[in-house]
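J.: Residue numbering for the sequence shown follows the working numbering, beginning at 3 and increasing consecutively. For glycine and all other residues, C-beta sits at the position ideal for the given N, C-alpha and C. There's a structure below that I have some questions on.
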Amino acid sequence: MTKLLIPQTINDYAEDFTTPENELLAALNRETHLKIELPVMLSGHLQGSILQMLSHMLKPHRILEVGTYTGYSAICLAQGLTEDGHLHTIDINEELQDMCFRYFCNAGLEKKITQHIGKAGDIIPAIDEKFDLVFIDADKQNYHLYYDLVFDKVPIGGFILADNVLYDGEVILPEDQQSKNAKAIHAFNQKVRDDARVEQVLMPVRDGITIMRKIAN
Ligand SMILES: C[S@@+](CC[C@H](N)C(=O)[O-])C[C@H]1O[C@@H](n2cnc3c(N)ncnc32)[C@H](O)[C@@H]1O
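In structure tokens:
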């Protein structure tokens, strides 16, 4: 379960001084917590607001999200799309597809978001698009694979975001005390740090988000 890496009081303060969650996202957040397993996976208000702000700043034409869950981050990311922009989002769990679609419709985004159901490792190569912005937020063991699969689909100057890069703070533990996922995330962080084709910043927000900017092919 994702622990807060900053004190709850500071997190609450940050949320208080962030534009409030709108009614639609609040309803999606609530329904996810009431009905869906592992609601801790949902980005939530603070991280969702950061994703939305980044998207508004970048004004992407094409976004790829790896890990839809109940659609919270997809709705946030889609806010900054250009008029003719489009977001592709992938999830292996078909049971969540209808709930996501209902919220995408309520947000007026049903024509701007395409849902793909299946393994991201199979689906990413099959999407024939270039992406200005990619958000990696699926199974932690495969972040390195998703990074490799999306890399050539991102133009120089494009951005890749990766969530949970602090993995509950486990990434700083000695290796023999790390879970399998924490080891995989730590290896991913090292891979990104050693890759001269990107500049990156690891932001200690929520469970850690790395923002990567592609600077070479
Ligand atoms: C952390 S949740 C995504 C949360 C969502 N981005 C948000 O912020 O609201 C991770 C999702 O990845 C999906 N997932 C896990 N393994 C996958 C795989 N191999 N391919 C595609 N999706 C996968 C899970 O079903 C889950 O819904």
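1. Closest to histidine 58 by C-alpha separation, out of Ile77, Ser45 and Asp141, would be which residue?
2. With a threshold of 16 other CB atoms inside 10 Å of the CB of cysteine 102, please say whether the residue is buried or exposed.
3. Using 8 Å as the cut-off, classify the Cβ of glutamine 49 as near or not near the heavy atoms of ligand 1, replying yes or no.
4. My understanding is that aspartate 165 touches aspartate 197, with C-beta atoms under 8 Å, so please give their C-beta distance in whole angstroms.
5. Please return the same chain residues whose Cβ sits closer than 8 Å to the Cβ of glutamine 54, not counting the five positions on each side in sequence.
6. Let me know the beta strand (DSSP E) ranges lying completely inside the region 140–179, each 3 residues or longer, listed in chain order.
7. Tell me whether the beta-carbon of aspartate 134 lies closer than 9 Å to the beta-carbon of isoleucine 211.
8. The beta strand (DSSP E) spanning isoleucine 119 covers which residue range?
9. Closer than 8 Å: is that where the CB of proline 41 sits relative to any heavy atom of ligand 2?
10. Taking its Cβ as the centre, do 16 or more other Cβ atoms sit within 10 Å of tyrosine 105, making it buried, or is it exposed?
T.: Answer, in terms of the structure:
1. For the purposes of this step, residue 58 is taken as the residue at position 56 of the sequence shown. Histidine 58 has its Cα closest to that of Ile77, out of Ile77, Ser45 and Asp141.
2. Indexing the sequence shown from 1 puts residue 102 at position 100. So cysteine 102 counts as buried.
3. Taking the sequence shown and counting its residues from 1, the one referred to as residue 49 is at position 47. Yes, ligand 1 has a heavy atom inside 8 Å of this Cβ.
4. Counting from one through the sequence shown, the residue named residue 165 turns up at place 163. Counting from one through the sequence shown, the residue named residue 197 turns up at place 195. With a Cβ gap of about 18 Å, aspartate 165 and aspartate 197 do not count as contacting.
5. The residue you call residue 54 lines up with position 52 of the sequence shown. Same-chain partners within the cutoff: Cys78, Leu79, Gln81 and Gly82.
6. 161–165
7. Translated into the one-based positions of the sequence shown, residue 134 becomes position 132. Translated into the one-based positions of the sequence shown, residue 211 becomes position 209. For aspartate 134 and isoleucine 211, no; Cβs fall outside 9 Å.
8. One-based indexing of the sequence shown puts residue 119 at position 117. Per DSSP, isoleucine 119 belongs to the beta strand (DSSP E) from 115–119.
9. Annotation note on ligand 2: not contained in the displayed structure, which lists ligand 1 as its ligands.
10. Taking the sequence shown and counting its residues from 1, one reaches residue 105 at position 103. Buried.
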